[in-house]
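Residue numbers (our numbering), protein chains in the order written: chain P, 2 to 383; chain X, 2 to 383; chain F, 2 to 383; chain D, 2 to 383.
Below is one structure, written out as structure tokens; the observations come after it.
Number of protein chains: 4
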Amino acid sequence: MRKLKFGMVGGGNGAFIGNVHRHGAVMDDLAELAAGCFTRNPEKNLETARQWGIQDESRVYANYTEMAEKESVREDGIDFVSVCTPNDTHFPIAKCFLEHGINVMCDKPLALRTEEGIELKRIAEEKDLLFGVTYTYTGYTMIEQARRMIAAGEIGKILTIVAEFPQEWLLVQMVSDRSDQATWRMDPKRSGPSGCCADIGTHVEALIGHMTGLKLERVLARFERLPKDKQLPLDNNVQIMLEYEGGISGLIWSSQVAIGNETDLRVRIFGDKGAIEWQHRDSQRLFVTRINEPVQIYTPTRDYDTDSCRSLSRLPSGHPEGFFESFGNLYKGFCTALLKKKYGEDRGDYPYPTIDVGIEGLKFVDACLKSSNSGNIWVSLD
Amino acid sequence: MRKLKFGMVGGGNGAFIGNVHRHGAVMDDLAELAAGCFTRNPEKNLETARQWGIQDESRVYANYTEMAEKESVREDGIDFVSVCTPNDTHFPIAKCFLEHGINVMCDKPLALRTEEGIELKRIAEEKDLLFGVTYTYTGYTMIEQARRMIAAGEIGKILTIVAEFPQEWLLVQMVSDRSDQATWRMDPKRSGPSGCCADIGTHVEALIGHMTGLKLERVLARFERLPKDKQLPLDNNVQIMLEYEGGISGLIWSSQVAIGNETDLRVRIFGDKGAIEWQHRDSQRLFVTRINEPVQIYTPTRDYDTDSCRSLSRLPSGHPEGFFESFGNLYKGFCTALLKKKYGEDRGDYPYPTIDVGIEGLKFVDACLKSSNSGNIWVSLD
Amino acid sequence: MRKLKFGMVGGGNGAFIGNVHRHGAVMDDLAELAAGCFTRNPEKNLETARQWGIQDESRVYANYTEMAEKESVREDGIDFVSVCTPNDTHFPIAKCFLEHGINVMCDKPLALRTEEGIELKRIAEEKDLLFGVTYTYTGYTMIEQARRMIAAGEIGKILTIVAEFPQEWLLVQMVSDRSDQATWRMDPKRSGPSGCCADIGTHVEALIGHMTGLKLERVLARFERLPKDKQLPLDNNVQIMLEYEGGISGLIWSSQVAIGNETDLRVRIFGDKGAIEWQHRDSQRLFVTRINEPVQIYTPTRDYDTDSCRSLSRLPSGHPEGFFESFGNLYKGFCTALLKKKYGEDRGDYPYPTIDVGIEGLKFVDACLKSSNSGNIWVSLD
Amino acid sequence: MRKLKFGMVGGGNGAFIGNVHRHGAVMDDLAELAAGCFTRNPEKNLETARQWGIQDESRVYANYTEMAEKESVREDGIDFVSVCTPNDTHFPIAKCFLEHGINVMCDKPLALRTEEGIELKRIAEEKDLLFGVTYTYTGYTMIEQARRMIAAGEIGKILTIVAEFPQEWLLVQMVSDRSDQATWRMDPKRSGPSGCCADIGTHVEALIGHMTGLKLERVLARFERLPKDKQLPLDNNVQIMLEYEGGISGLIWSSQVAIGNETDLRVRIFGDKGAIEWQHRDSQRLFVTRINEPVQIYTPTRDYDTDSCRSLSRLPSGHPEGFFESFGNLYKGFCTALLKKKYGEDRGDYPYPTIDVGIEGLKFVDACLKSSNSGNIWVSLD
């Protein structure tokens with residue numbers, strides 16, 4: 002069966018996420034790495050390419066512009082590029098590849114500014130290219146189950162949504178001798194004007210949208226930089242009231258200073274006939290309650306799961322899949338869509354977050370920032 | 002050893018909370034029930050009295066005024082009264098007993114209006130009487146451990162507080178044939194102008210205050226009546242941003258329409274050196290994390306617990322105590338304080354929520370209501 | 002409504018279990034304490050009586066023989082006696098009260114030797130008296146739910162049973178400065194020839210029998226005294242293979258040296274159509290799985306619970322009951338049975354462990370001891 | 002950096018485990034797939050080879066004998082072979098590759114008979130070859146943490162070990178329309194004379210040995226085929242008492258008919274100074290209790306973890322790794338050992354189960370079978 006060819010920009014600097022992209026992309030044998038510009042360090046660039054199995058060293062590029070140019074004219078040029086560089090470079094890189102007619106799978110966030118995201122979308126549409134954004138958590142198997150159950154009305158009409166994403170790393174790294182969380186996350190020039198909200202709050206916002214299909218209309222946000230006396234440059238603790246279409250309410254708390262929490266995204270969706278809860282800490286289990294019934298614990302690959310949920314598992318019941326595989330599911334969605342579009346091959350149909358989700362994320366951060374800076378007032382997303 | 006004598010107003014109507022007060026009050030042999038006015042139904046009043054062991058039927062009263070009058074002049078009159086009637090009657094009853102010089106242990110809320118609470122406090126002070134309010138959750142054993150650890154600086158300086166109290170009963174009762182949740186909870190005349198916020202939001206607010214000692218200064222609240230098309234009379238889903246003294250932030254979500262949740266109060270307090278988490282669903286365990294260390298699970302009666310925590314357990318490790326015993330701990334605090342004050346007996350020193358906590362609770366609801374009705378703006382508590 | 006009168010032997014020595022019996026017996030207003038012989042220390046005996054509300058001091062006895070004699074001839078003599086003295090005295094005390102025609106509720110174990118248990122049964126039958134044994138864990142609300150579901154065939158035909166009761170106290174007390182676990186538990190003269198198996202293994206055996214109704218036929222047991230070099234006098238770590246009627250298998254592990262475990266009884270019953278799991282650490286939740294379906298979490302007082310389960314709850318959903326209330330449920334069963342038998346009053350029908358359960362427990366320990374001492378061979382219970 | 006070349010026998014028949022081997026082997030860029038004989042179906046064989054990225058189709062073999070012959074003489078022949086065929090073929094295949102001088106990584110069990118295992122070991126030693134057996138669970142990150150803590154004496158002297166491995170699949174597949182658990186697991190000709198004990202009991206035995214370093218000396222086992230009336234050919238519910246060197250006791254229950262359990266291996270190791278617990282259902286957390294202290298929850302990649310534990314994580318804290326990555330860790334151990342041995346390259350030193358573990362596993366099953374067939378007597382492993 003045909004495999005897509007892809008290239009990577011980034012991934013050679015030792016940040017874990019590059020490796021996650023790589024494994025995610027090849028996991029289901031839908032794509033193979035054919036080209037790359039992994040880091041500006043030429044030696045390390047080549048070493049990464051070799052280690053990751055690129056046979057043809059002429060496809061290891063010193064910069065992304067050259068890569069876009071050359072790959073776009075090769076007969077066997079890459080079908081798509083994965084962008085997993087620091088946040089402030091996503092926009093120019095993605096733009097460059099789009100302009101050269103190459104589909105893009107971009108790490109989150111899409112860009113630092115909403116206008117940039119909109120521009121990318123415009124180009125992608127003009128060039129008729131696919132553009133995915135790797136909102137990781139939407140790739141978890143049980144999220145697909147939740148999404149389908151909600152769409153099928155199993156919890157009734159949605160009443161309210163409560164979500165959180167607490168982390169502790171920002172405090173922990175201050176006392177740890179082995180801190181590897183990049184300092185760029187606390188640098189507004191590289192991260193953009195928001196820290197916690199842009200970094201993890203957007204994961205929550207995207208996940209809610211993915212699970213419910215609801216459009217977010219307004220937010221009321223409160224950003225904090227804790228501890229207050231440290232004069233930190235970016236928000237690291239964020240409370241957000243949300244209003245979705247139809248006046249449905251939501252609440253998000255995300256934090257990078259919540260000791261005792263590692264990567265503990267949790268979403269609870271309450272309807273008038275039932276409720277669904279998922280938390281990343283226990284990612285293989287979905288808590289489903291139908292009104293006046295016991296809580297039920299759904300797991301992957303079971304007869305009671307939807308076909309679309311089951312199709313995302315690679316292992317039998319009770320064999321845990323994790324973060325790599327959730328990335329794999331995003332790439333599965335992107336690659337199968339691309340195989341169908343570009344080559345007419347039908348290899349299934351799986352969800353993945355598109356550029357629209359990325360733009361919503363940017364608008365969300367804009368609105369939250371504006372709300373927080375204006376004394377916590379309601380701010381519309383448009 | 003001396004036992005206090007107490008009377009009860011309410012409790013004969015079959016509501017569970019009367020029985021909880023009764024058992025809580027006598028559990029540690031600090032008090033015995035000597036008088037009562039349990040219900041307006043004379044037969045049931047007498048039957049309750051007999052069942053609950055009142056020997057002298059002349060001390061079973063047809064109304065609380067008579068009870069206050071007669072008990073206040075008997076040589077062996079009651080030392081205190083427990084008020085466990087519906088919310089709208091707490092104020093006149095408590096007032097009457099105070100005016101007759103009798104100490105009061107009142108179910109929460111203290112009153113429907115803040116002015117009433119303040120008036121009760123004025124009288125109690127004038128008459129030099131004790132006045133407790135049964136904010137149940139402050140009585141749990143592990144809450145005492147948390148309170149002491151926080152006071153001792155074990156989690157450092159508090160950064161933010163995240164709490165919630167989701168319930169599902171309001172939706173469940175609509176489909177259940179055995180609903181026993183009193184309809185008065187949805188009647189503004191009897192419950193006051195707030196439903197969920199006054200009923201359970203205040204439990205959260207009081208518990209945070211109890212655990213941290215922090216004074217709440219401002220709130221930004223959003224009340225909802227869900228499902229929206231049902232035109233319900235009172236709020237049943239509430240989101241509140243909080244600001245404590247020193248600018249410390251908090252967040253509360255409480256709900257009566259959150260399917261899958263029974264009585265699931267949960268409080269998380271994050272400091273710059275550690276964090277503490279407690280949830281009612283698992284009330285015998287306290288999750289304590291010191292920065293950069295593993296999460297630890299504290300349980301009652303252990304060597305590592307504070308003396309004050311250990312003194313609240315009646316059973317050896319691993320033998321669960323529950324809701325009755327948390328009430329018992331409130332009465333233990335109240336009764337030992339009264340024994341000391343009235344009779345000079347020292348039987349230990351345990352915390353219990355005073356009328357000040359009750360007044361704070363009323364102010365909290367006032368401010369939240371005002372915020373919610375004014376478009377979710379910040380409202381000061383004073 | 003009529004209340005039974007009861008007396009207590011034991012409870013004045015500060016051991017927690019006496020207080021648990023007392024509260025359990027009166028919790029539902031079915032009985033009141035009228036007489037007692039709480040301890041051999043006369044002062045403490047009287048003090049306990051006063052504290053526990055005995056009005057008539059002539060009913061505070063210096064020894065149990067006198068108590069049995071006098072109470073058996075009073076017109077208003079006690080309806081039953083609660084025996085909560087050390088294990089080695091259960092037999093003579095229970096026997097004495099039976100011989101004086103007084104019903105008995107006895108702490109577990111019934112006696113130290115099987116013959117003694119059989120003799121007690123003979124007398125109880127001759128005198129037509131009720132005899133209950135307080136196997137605590139059978140009193141938990143969700144156990145009743147489990148029992149009824151199993152009886153109704155909801156998990157199909159039982160295939161195998163896996164249970165455990167790990168504790169850590171025996172090791173912990175060696176390093177704790179506050180050890181209150183009585184040393185008599187390690188004294189064969191007072192505990193009988195088995196330690197852990199008799200103390201907690203029997204709780205497991207009784208609970209399985211209660212939940213399933215299955216008759217235990219054979220055991221293969223292995224007793225250990227750990228750490229081996231300490232030369233401890235009694236078993237404290239026990240593994241037992243079980244064979245129930247129809248060849249149904251079981252497995253029990255119980256231990257007093259299992260660090261990290263407080264009182265962690267857990268029972269899992271596997272059928273060919275489903276499975277049920279309960280653990281004491283989370284006593285208000287029952288895990289129920291129907292074949293090929295998600296695990297479900299049952300809680301008390303819900304519509305989906307059986308009437309008999311619901312009738313054992315005193316509080317609404319989500320308000321935890323615990324160890325005291327499980328004792329209360331045993332006494333509820335015993336007292337309602339006695340009210341019906343003695344006075345013809347029908348106040349409901351609740352389960353409680355009878356003397357037959359106590360005798361089975363003694364036979365179980367006998368057989369396990371014999372098996373362990375004979376090189377771990379199968380030993381029949383009869 | 003050099004990559005090892007490896008071949009695979011098996012994996013083309015759609016069984017999930019082949020894919021797990023493949024991903025595990027390449028995950029850390031220590032090896033690349035260069036040859037294979039994936040299935041007897043020639044078309045599928047070639048298709049698998051292409052899909053899995055084998056460039057040179059001359060290295061796709063019709064049978065394993067040919068593969069062993071040809072690869073052993075190529076200059077660029079494979080460094081090792083992964084054997085992931087059905088159990089009954091492990092022995093001849095592994096033997097063939099050993100005889101041709103090729104190192105072997107074999108799925109578990111090593112063989113069906115102990116003599117076969119011993120023969121393989123003999124050949125491997127003669128030829129000076131590495132031989133690993135993929136006991137999956139030994140590869141989990143937190144197992145390495147446990148192993149090191151136990152070795153460092155953090156839980157003191159081991160007193161007893163309690164472990165279990167319940168599954169439900171055998172019952173579930175009878176009612177499921179999508180059963181994919183191969184029927185060969187119930188065929189003695191293909192599985193060998195034991196079902197559940199050989200299939201999953203050995204995982205438990207190997208994991209205990211790996212974590213503690215203790216040598217197993219004797220077993221007393223009871224095998225069942227449930228439901229009894231089905232006349233099933235192989236054991237599916239197994240209870241085993243164990244005796245390790247120094248008289249240390251253990252207990253294993255494993256089952257394939259335990260409804261509500263998917264792949265729920267759990268090991269608890271109790272020492273005189275502490276205890277350690279791990280369960281597969283929550284594989285990223287290790288429960289550690291030091292005597293008289295709170296339970297602690299260890300997670301991967303933390304400062305408090307040992308270097309050897311941290312070196313096995315590929316992701317930052319809170320990002321779950323799972324089954325694939327545990328296989329990856331086994332291959333990491335095998336490949337680094339092979340790189341060192343064959344090429345003198347030092348790429349770290351990680352544990353992996355050797356052929357000795359595989360032989361112990363065979364002896365363990367032999368002894369258990371003998372015990373069970375002889376009326377549940379103690380049987381020595383040698």
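Even glycine gets a Cβ: it sits at the ideal position worked out from N, Cα and C.
Remember, predicted model here, so these are calculated numbers, not experimental data.
Check, Outcome
"X/E361 at chain P interface by Cβ criterion, 8 Å", "no"
"Pairwise C-alpha distance: P/L221 and P/C336", "37 Å"
"is_contact[D/Q280, chain X] using C-beta, thresh 8 Å", "no"
"Limits of the unbroken beta strand (DSSP E) element including X/W279", "275-280"
"Cross-chain neighbours of F/S177 in chain D, by beta carbon under 8 Å", "N293"
"Positions along the segment 302-329 of chain D whose CB lies within less than 9 Å of some CB in chain X", "R303, D304, Y305"
"Spatial distance of P/R223 from P/C107 (CA atoms)", "28 Å"
"With 16 other Cβ atoms within 10 Å as the buried cut-off, status of D/Q285", "buried"
"Interface residues of the segment 50-65 of chain F facing chain X [CB-CB below 9 Å]", "R51, Q52, W53, G54, Q56"
"D/L363, enclosing alpha helix (DSSP H) - first and last residue", "356-374"
"Local Cβ density within 10 Å of D/R303, reported as buried at 16 or more and exposed below that", "buried"
"Segments of 3+ residues assigned as beta strand (DSSP E) that fall wholly inside the segment 294-319 of chain X", "296-299"
"Whole runs of the beta strand (DSSP E) within the segment 210-271 of chain F, excluding any shorter than 3 residues", "217-225, 238-245, 249-256"
"Minimum Cβ-Cβ distance from P/Q240 to chain X less than 8 Å", "yes"
"Proximal chain P residues relative to X/F166, where beta-carbon distance stays under 8 Å", "Within chain P, no residue comes near X/F166; the closest Cβ sits about 12 Å away, beyond 8 Å."
"Pair within 8 Å by beta-carbon distance, X/W279 and X/M143", "yes"
"Stretch-stretch touch, CB-based, cutoff 8 Å, three pairs: the segment 152-162 of chain D with the segment 197-207 of chain D", "no"
"is_contact[D/E33, chain P] using C-beta, thresh 8 Å", "yes"
"Selected residue, minimal CA-CA separation from X/S148, among X/A207, X/F324, X/M212", "It is Arg, not Ser, that sits at residue 148 of chain X in the sequence shown. Per the Cα distances, X/M212."
"Proximity winner among D/D383, D/K342, D/P321, D/A112, relative to D/P87 (alpha-carbon distances)", "D/A112"
"The ligand MN heavy atom lying under 7 Å from the CB of F/R223", "As presented, the structure is devoid of all ligands, the ligand MN included, so that no description of it is given."
"Cutoff 6 Å; reference D/T115; Cβ partners in own chain excluding five residues on either side", "L363, K364, D367"
"X/E225: contacting residues in chain P (beta-carbon distance under 8 Å)", "T161, S250"
"Start and end residues, beta strand (DSSP E) containing P/K6", "5-10"
"Close beta carbons around F/L208, own chain, < 8 Å, minus the five adjacent residues each side", "Y136, Y138, T139, I144, A164, L266, V268"
"Distance CB(P/N293)-CB(P/L313) smaller than 8 Å", "no"
"Supposed close pair F/G272, F/I119 - CB separation, criterion 8 Å", "Actually they do not touch by this definition, with Cβ atoms about 33 Å apart."
"Cβ of X/G261 within 8 Å of any chain P Cβ", "yes"
"Any chain P beta carbon closer than 8 Å to F/Q297", "yes"
"Simplified DSSP state of X/N104, which is helix, strand or coil", "strand"
"Coarse secondary structure for D/G154, derived from DSSP in three states", "coil"
"Cα-Cα separation, D/E44 to D/E76", "27 Å"
"Every unbroken beta strand (DSSP E) within the segment 104-154 of chain F, with a cutoff of 3 residues, ordered by chain", "104-107, 132-134"
"F/Q146 versus F/T307: straight-line alpha-carbon distance, rounded", "6 Å"
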